[in-house]
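Colleague: Everything in the sequence shown is counted per this note's numbering, starting at 1 for the first residue and increasing by one. Cβ atoms here follow ideal geometry from the backbone N, Cα and C, with glycine treated the same way. Since the structure is predicted, the reported quantities are computational estimates derived from the model, not experimental observations.
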Amino acid sequence: MAQVVLEKVSKVYPGGVKAVDGIDLQVADRELVVLVGPSGCGKSTTLRMIAGLEEISEGVVRIGQRIVNDVAPKDRDIAMVFQNYALYPHMTVYKNMAFGLKLRGMPRGQIRQRVAEAARILDIEHLMDRKPKQLSGGQRQRVAVGRAIVREPAAFLFDEPLSNLDAKLRVTTRGELKRLHQRLRTTTIYVTHDQEEAMTLGDRIVVMKDGRIQQADTPLNTYNCPLNRFVAGFIGTPPMNFFDGTLRQSELGLAFIEGRLAGGGLTFPGEGFTLSMEQLSPTVGRRLQSRVGSRLVLGIRPEHLHLRPPDGQWAAIKVRLNVIEPLGSEMDVSMSTAWHDSIVARVEAQSGVAGGSEATVYVELRKVHIFEPGETGMNLSLETMSPTTEPAHALT
Ligand SMILES: Nc1ncnc2c1ncn2[C@@H]1O[C@H](COP(=O)(O)OP(=O)(O)O)[C@@H](O)[C@H]1O
Ligand SMILES: [Mg+2]
């Protein structure tokens with residue numbers, strides 16, 4: 001097993017597309033790191049450079065202690081599982097799993113032992129004599145994983161391996177993959193565009209946009225302390241609500257004043273809401289002091305909006321309730337203010353709440369975020385703002 005390290009890695013495709021732009025990342029031995037981001041952000045390209053399927057334009061990739069930039073894919077000691085796992089249709093499951101080992105000239109007895117062990121771990125022992133077309137999608141996916149496991153590689157690379165499965169199977173299979181990693185502890189880099197899959201699977205998640213790492217952190221840190229507005233909006237469903245406005249100094253301390261953004265400028269006709277910011281820590285308060293009067297963005301997660309006053313400091317805003325979506329124990333309530341017609345609150349399910357009515361919602365003030373304007377505007381409301389790309393536990 002091995003650590004995988006990327007240093008200032010870039011990829012420029014012929015024609016000039018910069019798909020990956022100076023990525024630094026350390027994946028510790030035994031760690032499971034998920035690369036997540038919207039389609040086209042460079043996840044697959046990053047993975048393919050690690051696998052050796054794509055030339056590295058700039059920078060260094062290390063697997064273990066070895067720089068592998070010029071090492072052929074088959075000599076990198078890694079196994080990759082794709083979305084289209086392409087099993088050999090004319091071979092049985094056993095032969096599909098054994099094929100790679102046979103090519104490497106492994107003795108037959110040892111192959112038999114490794115395939116049997118992998119089949120047991122994946123619970124596919126009863127499928128060994130079947131051909132791929134006699135398997136369900138989920139079973140085929142397990143065989144593809146089995147083919148990777150038998151090689152006992154230094155690292156696994158997964159590129160959206162669950163995309164072809166239906167929603168329910170995706171959830172159960174991702175649970176199995178997580179257990180598999182807990183058992184084998186093989187260093188794993190896993191790519192998905194699905195933030196929920198990333199959150200549930202990863203020891204750490206690496207959020208990417210436009211070929212760059214926006215944040216590399218534990219799932220909970222990424223959720224609770226997003227470094228910028230992009231991460232804040234990408235991680236979490238329903239997404240964080242954003243409001244344009246500014247900070248003013250009032251007698252009671254700082255206050256966020258919602259404004260209306262039109263034609264690139266911000267105006268304050270006076271109908272927006274005002275939230276007191278007195279709950280800010282001294283560090284954050286001092287940082288925001290210097291931004292008084294400039295354009296900023298307030299971020300509130302749907303679960304931090306309540307229909308009843310919560311514990312701790314809160315502020316009330318008058319809204320109009322639009323649509324109620326029951327989810328079982330919770331419900332999503334979409335609502336509007338004078339200028340904002342798509343605010344979503346996730347609240348405990350309760351009866352007597354109807355679309356089309358006026359209501360008061362309560363904002364949990366300790367949970368709000370303040371961002372600089374722009375798609376990747378920095379989160380100014382964090383205690384510490386330095387990005388992390390180091391593993392949560394020490395490299396071994
Ligand atoms: N072979 C290629 N030639 C040229 N451009 C490519 C190639 N493969 C991917 N790209 C471009 O590189 C960017 C990143 O692609 P990719 O790594 O596949 O993203 P993701 O896996 O995150 O969806 C995209 O803009 C994509 O169009
Ligand atoms: Mg991809």
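Can you list, in chain order, the residues of its chain whose CB lies under 6 Å from that of alanine 86, leaving out five sequence neighbours each side?
Modeller: none
Colleague: With a threshold of 7 Å (Cβ to nearest heavy atom), would valine 401 be considered close to ligand 2?
Modeller: Residue 401 is absent from the model: the chain starts at 1 and stops at 396.
Colleague: Ordered along the chain, which non-local residues of its own chain (more than five positions away) have a Cβ less than 7 Å from that of histidine 393?
Modeller: The pLDDT assigned to histidine 393 is 49, lower than 50, so where the model puts this residue is not dependable, and the model offers no usable value.
Colleague: Name the two residues that bound the continuous beta strand (DSSP E) containing serine 44.
Modeller: Premise fails: serine 44 lies in the alpha helix (DSSP H), 43-51, not in any beta strand (DSSP E).
Colleague: Just curious, the alpha helix (DSSP H) that alanine 315 is in, first and last residue?
Modeller: Taken as a continuous stretch (DSSP letters only), alanine 315 belongs to no alpha helix (DSSP H), being part of the beta strand (DSSP E) at 314-326.
Colleague: Looking at the structure shown, is glycine 138 part of a helix, part of a strand, or coil, going by DSSP?
Modeller: If DSSP states are grouped into helix, strand and coil, glycine 138 belongs with the helices.
Colleague: Closer than 7 Å to a non-hydrogen atom of ligand 1 - does that hold for the CB of serine 290?
Modeller: no
Colleague: Using DSSP with H/G/I as helix, E/B as strand and the rest coil, what is tyrosine 13?
Modeller: coil
Colleague: In the structure shown, what three-state DSSP assignment does threonine 172 receive?
Modeller: helix
Colleague: Touching or not, the segment 367-385 and the segment 216-234, by the rule of three or more beta carbon pairs under 8 Å?
Modeller: yes
Colleague: What number of angstroms, rounded off, separates the C-alpha of glycine 253 from the C-alpha of threonine 267?
Modeller: About 22 Å.
Colleague: Does the beta carbon of lysine 43 fall short of 7 Å from some heavy atom of ligand 2?
Modeller: yes
Colleague: For phenylalanine 234, which three-state DSSP category applies?
Modeller: Per DSSP, reduced to three states, the secondary structure at phenylalanine 234 is helical.
Colleague: Taking only the alpha-carbon atoms, compute the straight-line gap between threonine 396 and isoleucine 63 and give it to the nearest angstrom.
Modeller: In this prediction, threonine 396 scores a pLDDT of 35, lower than 50, which makes its location untrustworthy; no coordinate-derived value is stated.
Colleague: Please work out which residues of its chain come closer than 6 Å, Cβ to Cβ, to leucine 122, disregarding the five sequence neighbours upstream and downstream, and give them in chain order.
Modeller: Arg142, Gly146
Colleague: Which residue wins for smallest C-alpha separation from arginine 114, given the options Tyr94, Leu127, Arg130, Asp129?
Modeller: Tyr94
Colleague: Is the CB-CB distance between leucine 321 and serine 357 below 8 Å?
Modeller: yes
Colleague: Just to confirm, does serine 39 get its C-beta within under 7 Å of one of the non-hydrogen atoms of ligand 1?
Modeller: yes
Colleague: Along the chain, where does the alpha helix (DSSP H) containing asparagine 221 start, and where does it finish?
Modeller: For asparagine 221, the uninterrupted alpha helix (DSSP H) run begins and ends at 219-224, by DSSP.
Colleague: Of all the options Asn84, Asp210, Glu196, which has the alpha carbon lying nearest to the alpha carbon of valine 17?
Modeller: Asp210
Colleague: Should glutamate 372 be counted as a contact of ligand 2 given a C-beta to heavy atom distance under 7 Å?
Modeller: no
Colleague: With 16 as the cutoff for other CB atoms within 10 Å, does threonine 45 come out buried or exposed?
Modeller: buried
Colleague: Classify lysine 43: buried if its beta carbon has 16 or more other beta carbons within 10 angstroms, exposed otherwise.
Modeller: buried
Colleague: What is the rounded straight-line gap between the Cα of valine 408 and the Cα of isoleucine 111?
Modeller: Since the first and last residues shown for the chain are 1 and 396, residue 408 lies out of range.
Colleague: Any contact between the segment 154-162 and the segment 95-109? By contact I mean 3 or more CB pairs, one from each, below 8 Å.
Modeller: no
Colleague: Could you tell me whether the Cβ of valine 333 comes closer than 8 Å to any Cβ of chain B?
Modeller: Chain labels in this structure do not include chain B; a single protein chain is all it has.
Colleague: Around the C-beta of aspartate 311, are 16 or more other C-beta atoms found within 10 angstroms, so that it is buried, or is it exposed?
Modeller: exposed
Colleague: Quick one: is isoleucine 67 buried, meaning 16 or more other Cβ sit within 10 Å of its Cβ, or exposed?
Modeller: exposed
Colleague: Taking 7 Å as the cut-off, does the CB of tyrosine 190 come closer than this to any heavy atom belonging to ligand 1?
Modeller: no
Colleague: Just tell me which of Ala167, Ile370, Ile124, Asp244 has its CA closest to the CA of aspartate 194.
Modeller: Nearest of Ala167, Ile370, Ile124, Asp244 to aspartate 194, Cα basis: Ala167.
Colleague: Figure out for me which residue from Met91, Leu275, Pro302, Arg151 has the closest Cα to the Cα of glycine 105.
Modeller: Arg151
Colleague: Any chance the segment 127-140 sits against the segment 47-59, with 3 or more Cβ pairs inside 8 Å?
Modeller: Touching, no.
Colleague: Assuming leucine 162 and arginine 170 are in contact, meaning their beta carbons sit under 8 Å apart, how far apart are those beta carbons, in whole angstroms?
Modeller: Confirmed, Cβ separation roughly 5 Å.
Colleague: DSSP beta-bridge partners for glycine 265?
Modeller: Answer is Ala262.
Colleague: Compute every distance between the C-beta of valine 17 and the non-hydrogen atoms of ligand 1, then say whether any falls below 7 Å.
Modeller: yes
Colleague: My assumption, with CB atoms under 8 Å, is that leucine 165 sits in contact with glutamine 279. Please give the rounded CB distance.
Modeller: About 44 Å; that fails the 8 Å criterion.
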